[in-house]
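A short write-up of the structure that comes next.
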């Protein structure tokens with residue numbers, strides 16, 4: 001490094017991510033960009049196609065739409081946020097469509113051609129093909145920045161998308177740790193996960209015994225409305241072998257939610273049925289990302305439905321719906337019919 005050779009006992013790799021340019025015909029056109037384009041933008045595109053599975057592409061779609069860009073949001077998946085609960089993704093989908101954002105699911109880009117009136121993008125959506133004309137195509141797929149690190153010299157694969165790590169953030173090679181955008185199997189690379197992974201890696205590199213708690217990974221979207229999901233969905237919990245009980249409290253039934261017209265908001269709680277241990281909590285609505293903090297603590301401390309239901313939340317606040325969703329799981333809601 002800078003002409004010097006450094007030796008180490010333990011090392012932490014944190015070289016970040018690189019953009020993976022799409023591979024469809026025409027993807028090398030300069031009008032095909034990533035999110036960095038928005039950091040130096042001088043003129044907003046009148047028409048934009050946002051393509052890919054990344055949840056953050058939804059934030060960008062809404063951002064551009066607020067500035068009067070015509071926005072098409074296309075994903076290869078059957079819906080946006082396919083890993084989240086049906087209630088969360090359907091509510092966000094409805095809001096986006098009501099705002100005027102076009103959403104195409106099960107969609108692939110076949111080719112892209114530049115013509116006088118813009119970029120002609122040939123799409124296959126479900127069983128039909130169509131061509132849309134836009135000014136920019138924005139794709140966010142990223143992989144680990146592994147080139148020129150010399151990973152092969154220490155026994156690591158430098159050609160993959162990510163480096164596998166265990167719960168100690170340690171790679172298959174002892175003494176070498178990886179965090180953030182480099183690390184897998186958790187590839188939802190939020191900055192707060194990178195920070196926590198870095199702490200775990202550093203503590204282990206210094207001789208401590210520290211592990212990353214995957215139960216409390218918080219998936220957040222700063223859209224309007226906000227989305228925050230922690231822990232397991234009902235489907236994931238059942239697949240993991242749990243006997244599941246779930247409850248939901250619409251923010252439209254919450255006293256403060258009524259004051260601020262939270263028509264699309266919702267709090268969901270997923271729990272193990274016999275003992276009531278909380279396995280997941282999901283939020284959509286104003287303040288969802290703030291309410292997520294109490295969900296992190298609840299899951300990390302193995303709180304039960306009874307404990308949530310009997311907690312005294314300040315009134316009137318949206319957080320009261322956490323207790324209401326827990327009471328719904330227990331069959332004794334207060335605000336719900």
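Numbering (my numbering), first residue to last: 1 to 337. Here a beta-carbon is modelled for each residue, glycine too, at the ideal position from N, C-alpha and C.
- Of the other Cβ atoms in all chains shown, fewer than 16 fall within 10 Å of the Cβ of residue 36; this residue is therefore exposed.
- Sequence-distant partners of residue 273 (beyond 5 residues in either direction) whose C-beta falls short of 8 Å from its own C-beta, in its chain, are 242, 243, 244 and 245.
- For residue 111, the closest C-alpha among the options 22, 322, 326 and 260 is that of 22.
- Assignment of residue 95 by DSSP, reduced to helix, strand and coil, places it in the helix class.
- In the pairwise beta carbon analysis, the segment 323 to 335 is classified as not touching the segment 283 to 291: fewer than three pairs are separated by under 8 Å.
- Residues 79, 80 and 103 of the same chain have their beta carbon placed closer than 8 Å to that of residue 93, with the five preceding and five following residues left out of the count.
- Burial is judged here by how many other beta carbons sit within 10 angstroms of a residue's own beta carbon; residue 154 has fewer than 16 and is exposed.
- Between the segment 293 to 304 and the segment 244 to 261 there are fewer than three C-beta pairs closer than 8 Å, too few to call the two in contact.
- A direct Cα-Cα distance of roughly 6 Å separates residue 321 from residue 254.
- Residue 228 is bridged by DSSP to 220 and 283.
- For residue 304, the beta-bridge partners assigned by DSSP are 277.
- For residue 57, the enclosing alpha helix (DSSP H) stretches over residues 56 to 66.
- Here residue 210 is near residue 168, since their CB atoms are less than 8 Å apart.
- Apart from sequence neighbours up to five positions away, the residues of its chain that approach residue 276 with a beta-carbon distance below 7 Å are 304, 305 and 306, ordered along the chain.
- For residue 51, DSSP records a beta bridge to 74 and 139.
- In this structure residue 2 is exposed. Its beta-carbon is surrounded by fewer than 16 other beta-carbon atoms within 10 angstroms.
- In its chain, beyond the 5 residues on either side, 244, 270 and 279 have a beta carbon closer than 6 Å to the beta carbon of residue 237.
- Contiguous beta strand (DSSP E) elements confined to the segment 146 to 231 occur at 176 to 178, 218 to 221 and 226 to 231, taking only those with 3 or more residues.
- Under a 10 Å Cβ-count criterion, residue 147 is classified as exposed, with fewer than 16 other Cβ atoms of the shown protein chains found around its own Cβ.
- Here residue 79 carries a coil assignment [DSSP, helix/strand/coil].
- Taking each of 7, 108 and 12 in turn and checking the Cα distance to residue 49, the smallest one comes out for 108.
- Counting only the Cα atoms, residue 59 lies some 19 Å from residue 85.
- Within 10 angstroms of the beta-carbon of residue 282 lie 16 or more other beta-carbons, which makes it buried.
- With 16 or more other CB atoms across the displayed protein chains lying within 10 angstroms of its CB, residue 73 is buried.
- DSSP lists 125 as the beta-bridge partner residues of residue 107.
- Going by DSSP, residue 330 is part of the alpha helix (DSSP H) stretching over 320 to 330.
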